[in-house]
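For reference, the structure discussed in these notes is given below.
In the working numbering, the protein residues as written are 76 to 200.
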């Protein structure tokens, strides 16, 4: 309660102003630290947003590429199945020629015999 100091008649040094200055200085340093941390936090949040948007764009692009790859895989799988069916057919009938090996008429080598002109004797008689 301070009664002993009062009763002693001694004088106490008034350090309240100095203490106030020290407390204010500490509070100001703490506030500056908080402001600095908030600025850094804001910067980091903006950077995180940009990274997030970039990752989302990458995910969308990969989704498009995946869909394209899936379609290509389906088309290739269909080709594999067709070739396997053809191979199976060929394995079942090894002695039959392939369709590509069957001779086809060659239009360039067909003989053309023109009709005889009227009044000309024909060789067929």
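The C-beta atom is built at its ideal place from N, Cα and C for all residues, glycine as well.
**Study point:** Boundaries (first-last residue) of the alpha helix (DSSP H) holding residue 145
**Key:** Element bounds for residue 145: 91-167.
Practice item. Could you have a look at residue 170 and say whether DSSP puts it in helix, strand or coil? Key: Note: residue 170 maps to coil in three-state DSSP.
Review point. Do you know offhand how far residue 110's Cα is from residue 136's?
Key: Their Cα atoms are separated by approximately 39 Å.
Point to revise | Span separating the alpha-carbon of residue 162 from that of residue 141 | key: If I take the Cα positions, the gap works out to 31 Å.
Review point. Hey, how far is the Cα of residue 94 from the Cα of residue 108?
Key: Each residue's alpha carbon lies about 21 Å from the other.
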